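Peer 1: In terms of the working numbering, the sequence shown opens at residue 979 and continues consecutively. A virtual CB, placed ideally from N, CA and C, is assigned to each residue, including glycine. A quick note: this is a predicted structure, and the numbers were derived from the prediction, not measured. One structure, as structure tokens, below. Some questions next.
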Amino acid sequence: MYKVVFLGCENSHANGFLKYIKNEEQFKDIEVVGVYSDDEAAKEKLANEFGVYSMKSFDEFVGKVDGVVLTNRHGKYHLPFAKPYLEAGGVKAIFLDKPLTITKEDSLEFKKLITEKGVRFCGGSCCKYLNGVSECAKGHKENLNGKTIGGYFRAPVSLTNAYGGYRFYCQHLIDMVSAAFGYAKEVKAKNWGDKVDVDFIYDTFIVHGLFVDGHYTYYMNRQAEDGVQSYEEPVTADSPCFHIEFEEFHNLLNGIDGHLGLDDFFASVPLTIAIEESMNSGETVKVDYEGFLL
979 MYKVVFLGCE NSHANGFLKY IKNEEQFKDI EVVGVYSDDE AAKEKLANEF
1029 GVYSMKSFDE FVGKVDGVVL TNRHGKYHLP FAKPYLEAGG VKAIFLDKPL
1079 TITKEDSLEF KKLITEKGVR FCGGSCCKYL NGVSECAKGH KENLNGKTIG
1129 GYFRAPVSLT NAYGGYRFYC QHLIDMVSAA FGYAKEVKAK NWGDKVDVDF
1179 IYDTFIVHGL FVDGHYTYYM NRQAEDGVQS YEEPVTADSP CFHIEFEEFH
1229 NLLNGIDGHL GLDDFFASVP LTIAIEESMN SGETVKVDYE GFLL
């Protein structure tokens, strides 16, 4: 049995993952030893619904678990919650929900710890597993209907919240674009108050991104020299992308490398920060990937 702890259980990921563990045979080798959240009501709801232990503190099981699932709404808690578990050793796998971290410094420290301890990791936005993203990525890689000459992606965002503002929800679109085309070199963004337009600038083309506040449409479009790929997909609690990301975590516990991984797990953080800098300045911003991309 793999002993796993859930830290930060305010969002739907914790609830969904616990349902998989409770109801699906393939995950019967996972034992959830405890759940923790600073939100006492959210923690107790999950503990009662799934019959799991309600932890007294986030570090209660340091040195005693094989896996850590971090689903805090605010990314600033991810490193401090995970750090004692990583430093103690014994952790085989970690799932890190979006946003991975809020700062570059936290991401670099996270990356250093994971590398030193040999811990497998997965997470970010499950939207990178959408079928449309995979098809656009395949078309881009294989030059379907010719070379990529542009694109247009849309996803929701939350611009005003208690969990880091723009950075709380923006990783969905960022991971979708990056999974399809790789990491943009520069960005140009404008905040309209209820939406944000972003140009993801590559060597030979631009992918336009549209973040829309409060409207949950997910759209993917790749423009090729002689054709167009376009997909719109709903994302609900029952969408396959959530199951795929938990399967990946389960594979990591079993020593199996992840699938559909990005070039570098934490590179979305400097890209997120560059977009925000462009929103504030109105200028094109070069993305500083130093220390992130392989």
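Between the segment 1093-1108 and the segment 1213-1231, can you find at least three pairs of beta-carbon atoms closer than 8 Å?
Peer 2: With a cut-off of 8 Å, the segment 1093-1108 and the segment 1213-1231 count as touching, because enough Cβ pairs lie within range.
Peer 1: Thinking just about the alpha-carbon of each residue, which of Gly1096, Val1111, Thr1138, Val1213 is nearest to the one in Asn1199?
Peer 2: Numbered from its first residue, the sequence shown carries residue 1199 at position 221. If we check each option's Cα against that of Asn1199, Val1111 comes out closest.
Peer 1: Counting only runs of 4+ residues fully inside the segment 1049-1082, write out the alpha helix (DSSP H) ranges in chain order.
Peer 2: Runs found: 1056-1066.
Peer 1: Report the three-state DSSP secondary structure of Lys1163 (helix, strand or coil).
Peer 2: Taking the first residue of the sequence shown as position 1, residue 1163 is located at position 185. Note: Lys1163 maps to coil in three-state DSSP.
Peer 1: Across the segment 1004-1020 and the segment 1076-1084, are there enough close Cβ pairs to call them in contact, namely three or more that are closer than 8 Å?
Peer 2: No, they do not touch.
Peer 1: Under three-state DSSP, which class holds Leu1108?
Peer 2: Residue numbering aside, residue 1108 sits at position 130 when the sequence shown is read from its first letter. Leu1108: coil per DSSP, three-state reduction.
Peer 1: Could you check which residue in Leu1230, Leu1078, Glu988, Met1154 has the C-alpha nearest to that of Tyr1209?
Peer 2: To locate residue 1209, count along the sequence shown from 1; it is residue 231. The option with the nearest alpha carbon to Tyr1209 is Met1154.
Peer 1: Considering only C-alpha positions, which residue in the set Asp1204, Val1176, Tyr1194 is nearest to Leu1249?
Peer 2: For the purposes of this step, residue 1249 is identified with residue 271 of the sequence shown, where counting begins at 1. Looking at the Cα atoms, Val1176 is the closest of the given residues.
Peer 1: Quick check on DSSP: helix, strand or coil for Glu1113?
Peer 2: For the purposes of this step, residue 1113 is identified with residue 135 of the sequence shown, where counting begins at 1. Three-state DSSP puts Glu1113 in a helix.
Peer 1: Beta carbon of Glu1254, beta carbon of Tyr1144: below 9 Å?
Peer 2: Taking the first residue of the sequence shown as 1, we reach residue 1254 at position 276. Taking the first residue of the sequence shown as 1, we reach residue 1144 at position 166. Their beta carbons are under 9 Å apart, which means Glu1254 touches Tyr1144 by this criterion.
Peer 1: Scan the segment 1198-1259 and note each continuous beta strand (DSSP E) run of 3 residues or more that stays entirely inside, going in chain order.
Peer 2: DSSP runs (the beta strand (DSSP E)) wholly in the segment 1198-1259: 1205-1210.
Peer 1: Where Leu1122 and Asn1169 are concerned, what is the direct C-alpha to C-alpha distance, given to the nearest angstrom?
Peer 2: Counted from its first residue, the sequence shown places residue 1122 at position 144. Counted from its first residue, the sequence shown places residue 1169 at position 191. Roughly 33 Å separates the two Cα atoms.
Peer 1: Under the three-state reduction of DSSP, which class applies to Thr968: helix, strand or coil?
Peer 2: Since the displayed the chain opens at 979 and closes at 1272, residue 968 lies outside it and no answer follows.
Peer 1: Can you give the Cα-Cα distance for Gly1128 and Val1206, rounded to whole angstroms?
Peer 2: As a first step, residue 1128 is located in the sequence shown; it is residue number 150 there, counting from the start. As a first step, residue 1206 is located in the sequence shown; it is residue number 228 there, counting from the start. Between Gly1128 and Val1206, the C-alpha separation is close to 10 Å.
Peer 1: Can you confirm whether the segment 1057-1066 touches the segment 1024-1035 when touching is taken to mean that 3 or more C-beta pairs between the two stretches lie within less than 8 Å?
Peer 2: The segment 1024-1035, when compared against the segment 1057-1066, does not touch it at the 8 Å Cβ threshold.
Peer 1: Which partner residues of Val1190 appear in the DSSP bridge assignment?
Peer 2: As a position in the sequence shown, residue 1190 is number 212, starting the count at 1. The partner list for Val1190 (beta bridge, DSSP) reads Pro1134, Lys1173.
Peer 1: Can you tell me whether Gly1102 is helix, strand or coil according to DSSP?
Peer 2: Taking the first residue of the sequence shown as position 1, residue 1102 is located at position 124. If DSSP states are grouped into helix, strand and coil, Gly1102 belongs with the strands.
Peer 1: Taking the alpha carbon of Leu1048 as the point to measure from, which residue in Lys1125, Glu1094, Cys987 has its own alpha carbon closest?
Peer 2: As a first step, residue 1048 is located in the sequence shown; it is residue number 70 there, counting from the start. Leu1048 has its Cα closest to that of Cys987, out of Lys1125, Glu1094, Cys987.
Peer 1: Just to confirm, is the Cβ distance from Ala1071 to Phe1224 under 9 Å?
Peer 2: Reading the sequence shown from its first residue, position 93 is the one you call residue 1071. Reading the sequence shown from its first residue, position 246 is the one you call residue 1224. No, they are not a contact pair.
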